[in-house]
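Residue numbers for the sequence shown follow our numbering, so the first one is 178 and each next one is one higher.
Ideal Cβ positions, reconstructed from N, Cα and C, are used throughout, including at glycine.
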Amino acid sequence: MTHGIASTRFLMAPLASRLRRAGFATRLYGYPSVWWSNRDHGKKLAARLRRIAPKYDRVHLVVHSMGSIVTRCALQEELPENLGRVVMIAPPNRGSHAATRLACDSKSRLWNNLIVKPHRNLSPTLVELIDKPDSFVNRLGPAPEDVEIGVLAASNDNVLHPHQPHLDGQADHRPVEG
């Protein structure tokens, strides 16, 4: 299980607890989400999966928000043969209009100086989440054919427009009321 931007693995602890009660072994994976790049984080996640996978029959991933992008990057690396399903919760698979607002210049000089420049300088991963057609997330490509990916998306989300969680090649997509 892994978290989104500007968060920690402990955000996922309540869900991990519920999954443990349902009989799943869980591990929380944290990473410094505002630093480096999603690709770097993905390589580290893939390496971690290769290390822990031999201890389990099957390894499934539950990921939140930017953790989905980190996971998509990890899926481009060498992965364990026993990788199972991936469940993405509110993934910015097609970018996020909120990230674009925080990381891209606007017509307002004040907004650019107070909001955009600090966000862009402090968090290179945020820039990778913008919703422009040529952005990092939109160049990652579809879901790998050999990995079953399900997407859970809020029906009313302030960070993502309704089409932004969708991933070409996803096995399933479910809106969640909220």
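Boundaries (first-last residue) of the alpha helix (DSSP H) holding residue i
| i | result |
| --- | --- |
| residue 314 | 313-316 |
| residue 296 | 294-299 |
| residue 192 | 190-198 |
Assigned exposure category for residue i - 16 Cβ within 10 Å defines buried
| i | result |
| --- | --- |
| residue 206 | buried |
| residue 346 | exposed |
| residue 283 | exposed |
| residue 241 | buried |
| residue 337 | buried |
| residue 339 | exposed |
| residue 202 | exposed |
| residue 323 | exposed |
| residue 291 | exposed |
| residue 326 | buried |
| residue 215 | buried |
| residue 264 | buried |
| residue 308 | buried |
| residue 236 | buried |
Separation of residue j from residue i, as counted between CA atoms
| i | j | result |
| --- | --- | --- |
| residue 278 | residue 293 | 8 Å |
| residue 301 | residue 217 | 12 Å |
| residue 269 | residue 262 | 18 Å |
| residue 334 | residue 234 | 35 Å |
| residue 212 | residue 260 | 27 Å |
| residue 180 | residue 244 | 5 Å |
| residue 316 | residue 224 | 23 Å |
| residue 297 | residue 310 | 18 Å |
The beta strand (DSSP E) enclosing residue i, as first and last residue numbers
| i | result |
| --- | --- |
| residue 326 | 326-331 |
| residue 344 | First-last for residue 344: undefined, no H or E at that position. |
| residue 351 | 349-353 |
Assigned secondary structure, residue i (DSSP; H/G/I helix, E/B strand, else coil)
| i | result |
| --- | --- |
| residue 218 | helix |
| residue 286 | helix |
| residue 265 | strand |
| residue 260 | strand |
| residue 201 | coil |
| residue 226 | helix |
| residue 245 | helix |
| residue 279 | helix |
| residue 321 | coil |
| residue 186 | helix |
| residue 252 | coil |
| residue 337 | coil |
Residues sharing a beta bridge with residue i, DSSP
| i | result |
| --- | --- |
| residue 272 | 270 |
| residue 179 | 206 and 240 |
| residue 307 | 273 |
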